[in-house]
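S.K.:
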Amino acid sequence: MIRPGSEAELAEILRDASAPFAVQGGGTRGHRPEGEVLSTSALTGIVLHDPAALTLVVRAGTPVEEVEETLRGANQRLAFEPMDHRGLLGSSGTPTIGGVVAANVSGPRRVQVGAARDHLLGLRFVDGAGHVVKNGGRVMKNVTGYDLARLVAGSRGALGVITEVALKVLPGTETAASLVARGLDDAAAVRAMSAALGTPYEVTGAAHAPQAEGGSRTVLRIEGFAPSVAYRTKALAEALKPHGDWAIEDDREAVRAEWRAIRDAAPFHGTEGDVWRVSVRPSQAADLVARAGAEQAFYDWGGGLVWLRCAAGTDLRAALGHYDGHATLLRATPDTHARLGTLQPQPHAIAALTRGLREQFDPRGILAA
Amino acid sequence: MQMPSPDARVMAKKAQVVARLTAALGERGVIHDPAETRAYECDALTAYRCPPLSVVLPATTEEVSAALRICHEENVPVVPRGSGTSLAGGALPTADSVILGVSRMNRVLETDTADRIIRVQTGRTNLSVTGAVEELGFFYAPDPSSQLACAIAGNIAMNSGGAHCLKYGVTTNNLLGVTLVQMDGTVVELGGAHMDAGGLDLLGVVCGSEGQLGVVTEATLRILPKPEGALPVMLGYDSAEAAGACVADIIKAGVLPVAIEYMDRPCIRACEAFAHAGYPDCEALLIVEVEGSAEEIEHQLATILEIAKSHDPVEIRSAQDGDEAARIWLGRKSAFGAMGQINDYMCLDGTIPVSALPEVLRRIGELSDDYGLGVANVFHAGDGNMHPLILFDANKEGDLEKCEAMGADILKLCVEVGGCLTGEHGVGVEKRDLMSVQFEPVDLEAQMRVKDVFDPKWLLNPAKVFPLAASEGRRA
């Protein structure tokens, strides 16, 4: 493993490289391409935290935990609540903020506040030729030049190695509550979640577990100042009466624990088989799950994200056929990753653009991804 | 401001290009009479004008594809155009270019409140997107001040913002998918009614690329449920420092207002004279707006007022109802019109870290003294997006040049304190030659490499965004 201690050293390594690297942050996401590991874990430290401007600039290898700790000190947070993959993948290591941005890791609140890349104000990265590039900045509104930051976010290291990110952070929430309905079938649950997300009550999480203990469990989250949470929880329960009976869970710690579990795909922890993550138009989600033939499913993002667990080696994409969205293979053996592809294959014209961008930013194919 | 000289080879084959475009789009879709193409000689940056070779107004994605394919084959530059409201010259033609306007493509294709999306053709205006879903209780969040006229196509090209970005983000945060026609006519679908890209986020880099990567003909936009209510409060201060500290403390307290607007004394006076909103004559005026139910609004405003009072305001005015709220907003909303009544002005668009506000205002004041030109400041304080208006006299020889030089100095100042050249208007031609202030050559090179992939011949809006010297070897 190579662990450059500075951006300049990283640039030199990439410039001089002759064989592909497997770029890695904390190494918690299990599957990685072949090649010598090139780790960003020594590029650490918070460069700037400006609470009044809601901005944080941090080096890529900084542990997410350290970032969150710093933000908590100013009653702020990463609003997109990145998942911790360790429980699902049985991996070790420490999640890094660079890894979160590189994979656009976004939790349940994505449905209301956006994805990781929606909170990215700018970044620095080293491309496959060893060029150190900066893009964006550290201000909230910035249309100066192309948004390469957004392109690099979620590129899984294919265009360059991220060395520093500037993030928009948000105020912490005073409290949180959930509304819970039991026994809804999948289609009814998605309809209820859509209805909830269509109210003005600012639902910040909408998940549905069909196989929860004691029957299906549909959960909606509301966060904010205590009086506001109390008001909106009640108003939402009233508005959702046509969609079932809703119980209010207002034990703050219990609510937080449940949403952490949803964030980390806890229903699949300690299970066997492949895990897929499907981004889908919510109104198509229940049908999609019905034809998936999966052993276990659960829904997040109001139905916009479906987690599926299938027998090892199953070609889920073949079973799903056509729909608005895409399926990512998250947990499988290296053979299955190689055979089925981690990411959804793209139509010809888009694949050509992707290939063209990779050739521009990594002409020698040093960045295996 | 320089533009490349027109390509004589293209100028010489105008008749042939027009004939091919007309064969593909019909008479109705092609304008080539110089008396008519003149209407397209500029956008809202009216200081620069140049009639194009021809204008095409396709009615469908297929026609856009056909027109682009022809221009690609003939090596004719294409300048995409929405409603022509760009303040940065994003739709400024060159004499050898074809303007491709999407104004005839303005239909709503699909509305789905369960999936919270609307799909539109991109010639549709920003405000009419909200208009299409308002009765269903929804709205489209980005609200640039030109929203009555500006098209979604231009919003996507410039990644437009508005007054409510602190809470709702800008165009890129509310855009789920597009139909993109590449310069060679290839049509691709990026994103859709689902969330996030399966591979590289091509949609993310197309948004804000100023029409240089392709022409967006359809867009899937995120719509949001309308809040139950909203109310502003107006706060007057005797110094920029006090107002700046108040903004910082509000944000640090964990309240997230939907908008925080700032006006300085010259702007307050002009607005007051124009709109009679009853604003106090003070150094800095803040309008802070919060959303929610009546109780939620009351709770948030109580927190805000407590903070506001700790900074010695000269005036606080709350609104009890819609009429009073409208009166608070009246002056702010007429700010640009009010300034236009008393002066010619140039509107800048730099963004700064909110914490640098007092320093930047002080130094803008010094620049104003140095250049002998007045400045009025009005901006979105919550997100640091400043709009200094430099006042000048267009009839006075040398005043425009002086104004441009002072504008460049202000933008350099924005970059120096950690900000950027443009927060929402875009680079266009206006700030093209200042890009080297913010970016190193290697940074610009990385951006241009993206254009190399999408538009290898550099025919789409070629003389914008990048300093001419930087893009010279790439442009035809």
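Protein chains in written order, with the numbering used here: chain A, 20 to 388; chain B, 1226 to 1701.
Built from N, CA and C at the ideal position, the CB exists for glycine as well.
These numbers were taken from a predicted model, which means no experiment stands behind them.
With a floor of 3 residues, list each beta strand (DSSP E) that falls wholly inside the region 1242-1287 of chain B, ordered by position along the chain.
M.R.: You should have 1279-1281.
S.K.: With 9 Å set as the bound, which would you pick, yes or no: does the beta-carbon of B/Ile1577 sit closer than that to a beta-carbon of chain A?
M.R.: Yes, B/Ile1577 counts as interfacial toward chain A.
S.K.: Check whether the region 1462-1474 of chain B and the region 1370-1377 of chain B are in contact - that is, three or more C-beta pairs closer than 8 Å.
M.R.: Counting Cβ pairs under 8 Å, fewer than three are found: no touch.
S.K.: Quick one: measure Cβ to Cβ for A/Ala98 and A/Gly173, integer angstroms, because I've assumed they're closer than 8 Å.
M.R.: Rounded, the Cβ-Cβ distance is 17 Å, inconsistent with contact.
S.K.: Considering just the uninterrupted stretch of the alpha helix (DSSP H) at B/Glu1474, what are its terminal residues?
M.R.: The amino acid occupying residue 1474 of chain B in the given sequence is Asp; Glu does not appear at that position. First-last of the alpha helix (DSSP H) with B/Asp1474: 1465-1477.
S.K.: Just grab the DSSP bridge partners of A/Ala185 for me.
M.R.: In DSSP, A/Ala185 forms a bridge with A/Val76, A/Gly141.
S.K.: Provide the residue(s) that pair with A/Asp293 in DSSP beta bridges, ordered along the chain.
M.R.: Paired residues: A/Cys329.
S.K.: Give every residue of the same chain whose Cβ lies closer than 6 Å to the Cβ of A/Val56, excluding the five residues on either side of it in the sequence, and list them in chain order.
M.R.: These residues qualify, in order along the chain: Met20, Ala41, Gln43.
S.K.: Please list the partners that A/Ser213 has in chain B, where partner means a Cβ-to-Cβ separation under 9 Å.
M.R.: Going along chain B in sequence order, the residues near A/Ser213 (Cβ under 9 Å) are Thr1338, Ala1339, Asp1340, Arg1341.
S.K.: Could you work out which residues of chain B lie near A/Arg136, taking near to mean beta carbons separated by less than 7 Å?
M.R.: Asp1426, Gly1429, listed in chain order.
S.K.: Starting from the beta carbon of B/Glu1531, find every residue of chain A whose beta carbon is closer than 8 Å, and list them in chain order.
M.R.: Result: empty, since nearest Cβ-Cβ is about 14 Å, beyond 8 Å.
S.K.: Answer with yes or no whether the minimum CB distance from A/Thr218 to chain D is below 9 Å.
M.R.: In the structure shown, chain D cannot be found, because the protein chains are A and B.
S.K.: Starting from A/Gly106, trace the beta strand (DSSP E) both ways and give me its first and last residue.
M.R.: A/Gly106 -> not in any beta strand (DSSP E); alpha helix (DSSP H) instead, spanning 105-108.
S.K.: Helix, strand or coil: how does DSSP classify B/Ala1551 here?
M.R.: If DSSP states are grouped into helix, strand and coil, B/Ala1551 belongs with the helices.
S.K.: Of all Cβ atoms in chain A, is any one closer than 9 Å to the Cβ of B/Arg1588?
M.R.: Not closer than 9 Å to any Cβ of chain A, the Cβ of B/Arg1588 fails to qualify, so no.
S.K.: With 9 Å set as the bound, which would you pick, yes or no: does the beta-carbon of A/Ser247 sit closer than that to a beta-carbon of chain B?
M.R.: A/Ser247 counts as touching chain B.
S.K.: Starting from A/Gln43, find everything on chain B with Cβ-Cβ shorter than 8 Å and list it in chain order.
M.R.: Neighbours of A/Gln43 on chain B: none; closest Cβ ~19 Å, over 8 Å.
S.K.: Provide the residue span of the alpha helix (DSSP H) that contains A/Val132, from first to last.
M.R.: Per DSSP, A/Val132 belongs to the alpha helix (DSSP H) from 129-132.
S.K.: Nearest CA to the CA of B/Ile1703: which residue from A/Pro52, A/Ile385, A/Val188?
M.R.: Here chain B comprises residues numbered 1226 to 1701, so residue 1703 of chain B is not present and cannot be evaluated.
S.K.: Using DSSP bridges, identify the partner residues of A/Pro39.
M.R.: DSSP, once it has assigned bridges, lists no residue as partnering A/Pro39.
S.K.: Give me whichever residues DSSP pairs with A/Asp319 in a beta bridge.
M.R.: Bridge partners of A/Asp319: A/Leu324.
S.K.: Helix, strand or coil for B/Arg1349, going by three-state DSSP, please let me know.
M.R.: Here B/Arg1349 sits in coil by DSSP.
S.K.: Can you find the residues in the same chain that come closer than 8 Å, C-beta to C-beta, to B/Arg1388, ignoring five residues on each side of it along the sequence?
M.R.: Before going on, a small fix: residue 1388 of chain B reads as Ala here, not Arg. Once the five neighbours on either side are set aside, the close Cβ partners of B/Ala1388 are Asp1368, Ser1370, Ala1484, Glu1486, His1605.
S.K.: With burial defined as no fewer than 16 other Cβ atoms inside 10 Å of the residue's Cβ, what is the status of A/Asp166: buried or exposed?
M.R.: It is buried - the Cβ of A/Asp166 has at least 16 other Cβ atoms within 10 Å.
S.K.: Please name the residue or residues paired with B/Met1459 in a DSSP beta bridge.
M.R.: Answer is B/Ile1512, B/Arg1542.
S.K.: Would you say A/Met159 lies against chain B (beta-carbon separation less than 9 Å)?
M.R.: Taking Cβ atoms only, chain B reaches closer than 9 Å to A/Met159, which makes this a yes.
S.K.: Determine whether the Cβ of B/Val1678 lies closer than 9 Å to any Cβ atom of chain A.
M.R.: Yes, B/Val1678 counts as interfacial toward chain A.
S.K.: So which residues on chain A does B/Cys1432 lean against when the C-beta distance must stay under 9 Å?
M.R.: Ordered by position in chain A, the residues that pass the 9 Å Cβ test against B/Cys1432 are Asp166, Arg169.
S.K.: Taking the beta strand (DSSP E) that A/Arg153 falls in, what are its first and last residues?
M.R.: The question names Arg, yet the displayed sequence has Lys at residue 153 of chain A. Where A/Lys153 is concerned, the enclosing beta strand (DSSP E) stretches over 151-155.
S.K.: Alpha carbon to alpha carbon, how far is B/Ser1385 from A/Leu339?
M.R.: If I take the Cα positions, the gap works out to 37 Å.
S.K.: What does DSSP give as the partner residue(s) for B/Ile1343 in the beta ladder?
M.R.: Looking at the DSSP assignment, B/Ile1343 forms a beta bridge with B/Thr1336, B/Leu1446.
S.K.: At which residue ranges does the region 161-223 of chain A contain complete beta strand (DSSP E) runs of 3 or more residues, listed in the order of the chain?
M.R.: List check, beta strand (DSSP E) in window: 179-187, 194-201.
S.K.: Could you name the residues of the region 299-324 of chain A whose beta carbon sits closer than 8 Å to any beta carbon of chain B, in the order they occur along the chain?
M.R.: Result list: Val299, Arg300, Pro301, Ser302, Trp320, Gly323, Leu324.
S.K.: When the Cα atoms are used, what is the spatial distance from A/Leu203 to B/Arg1344?
M.R.: Spanning the two alpha carbons is a distance of roughly 30 Å.
S.K.: Determine the direct distance from the alpha carbon of A/Arg105 to that of A/Ser111, and round the result to whole angstroms.
M.R.: C-alpha separation (whole angstroms): 6 Å.
S.K.: Excluding the 5 residues preceding and the 5 following B/Thr1396 in the sequence, name in chain order all residues of the same chain whose CB lies nearer than 7 Å to its CB.
M.R.: Correct list, in chain order: Pro1367, Asn1380, Ile1381, Asn1384, Ser1385, Cys1432.
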